[in-house]
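Participant:
In my numbering, the protein residues as written are 66 to 407.
1. Is the CB-CB distance between residue 80 and residue 188 below 8 Å?
2. Quick one: what's got a C-beta closer than 6 Å to residue 350's C-beta in the same chain, skipping five residues either side?
3. Counting only the same chain and skipping the five closest in sequence on each side, list residues whose C-beta sits under 7 Å from that of residue 332.
4. Could you tell me the distance, in whole angstroms, from the CA atom of residue 193 to the CA atom of residue 177?
5. Between which two residues does the alpha helix (DSSP H) carrying residue 294 extend?
6. Could you pull the DSSP bridge partners for residue 374 from this structure?
7. Between residue 383 and residue 355, is the Cβ-Cβ spacing less than 8 Å?
8. Could you tell me which of 363, 321, 396 sits nearest to residue 102, measuring between CA atoms?
9. Tell me which residues share the same chain as residue 314 and place their Cβ nearer than 7 Å to its Cβ, disregarding the 5 neighbours each side in the sequence.
10. Check whether the segment 392–404 touches the segment 118–128, taking contact to mean three or more Cβ pairs, one atom from each stretch, closer than 8 Å.
11. Cβ of residue 150 within 8 Å of Cβ of residue 157?
12. Give me the residue from 181, 305, 364, 293 with the minimum Cα distance to residue 248.
13. Around the Cβ of residue 223, are there at least 16 other Cβ atoms within 10 angstroms (buried) or fewer (exposed)?
14. When you compare only the Cα positions, how much space is there between residue 347 and residue 389?
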């Protein structure tokens, strides 16, 4: 019903984009090792490890977001054996379909992300999912776009100079801040968007914006690790102004500290004032580990949020145990096979 209402209102339909890699693929592992060098690269196993739960992503979309226009499933050419590639809403996309051949193969999620706007047929409004973000309750278009603008929150944040495993991540976040400060004046932005920037709808994080408002430049931005609503035109604008840094990122086969990622485009949309605040909180990020696995299990079973991110931060021998606990919860609420499965 919502899909027909969208047409009546003349609002462009919304696509979903999800990137995925089968880290268990022996041939993919061999190829990755052949390109792996030394230095400032991020090759942690948690970057690629497969949780064997992608089917629950598709089941969640079918059950909780039936209004979606198209799903663009982006891989290096890998496809799950169970995936129904004949589904009318599913478009399988390989990296070679939208990235330069000289940059392939790539094992760098940032390189893939900065080129998403080049996917043929992609709508100007799309929602980008990592494969660790899931729908566990019904969502509406207004959770992602309102008044033709992305629904989002802009929160300033101080980026640490160094923090062990997150050194590369922090470097990328600082790169985003440098680009934003080069193109946007903080004082002018706050003057024009103070109602959004200091809104209580930002939740407790609004305190960060208040305290950091006295700094001349943006220190950095908080990332929420949830699906992000994008305008393809934002990518095109950034690409026209920051060609060099996007080209550099695209050329890196593994993620490095000199890259930028999808969050640059999200930050750009915020700084352009081209966003709407969410009416209510609908998503939550979880770092998966033994301390909170039971809580995550219950969150899924009770549909506590509409959207969750389960980030792999398991650095001990408990991966299989945690994976089973979480996937069993998914199976309780999404046990029926979707039309995206054979």
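No residue lacks a Cβ here, since even glycine has one placed at the ideal position from N, Cα and C.
This structure is a prediction, so every number in the text was calculated from the model and none was measured.
Facilitator: Working from what's here:
1. It is a contact, given that the beta carbons lie within the stated cut-off.
2. If we look at residue 350 and ignore the five residues flanking it on each side, its Cβ neighbours are 290, 374.
3. Same-chain partners within the cutoff: 241, 245, 286.
4. Going by C-alpha positions, residue 193 is about 12 Å away from residue 177.
5. Not the alpha helix (DSSP H): residue 294 falls in the beta strand (DSSP E), residues 293–296.
6. BP columns for residue 374 point to 198, 350.
7. In this structure, the beta-carbon distance from residue 383 to residue 355 falls below 8 Å.
8. Of 363, 321, 396, the residue nearest in Cα terms is 321.
9. Answer for residue 314: 175, 176, 179, 324, 325, listed in chain order.
10. Between the segment 392–404 and the segment 118–128, the count of C-beta pairs closer than 8 Å reaches three or more; the two stretches touch.
11. Their beta carbons are under 8 Å apart, which means residue 150 touches residue 157 by this criterion.
12. When each option's Cα is compared against that of residue 248, the closest is 305.
13. With fewer than 16 other Cβ atoms within 10 Å, it is exposed.
14. The straight-line gap from Cα to Cα measures roughly 25 Å.
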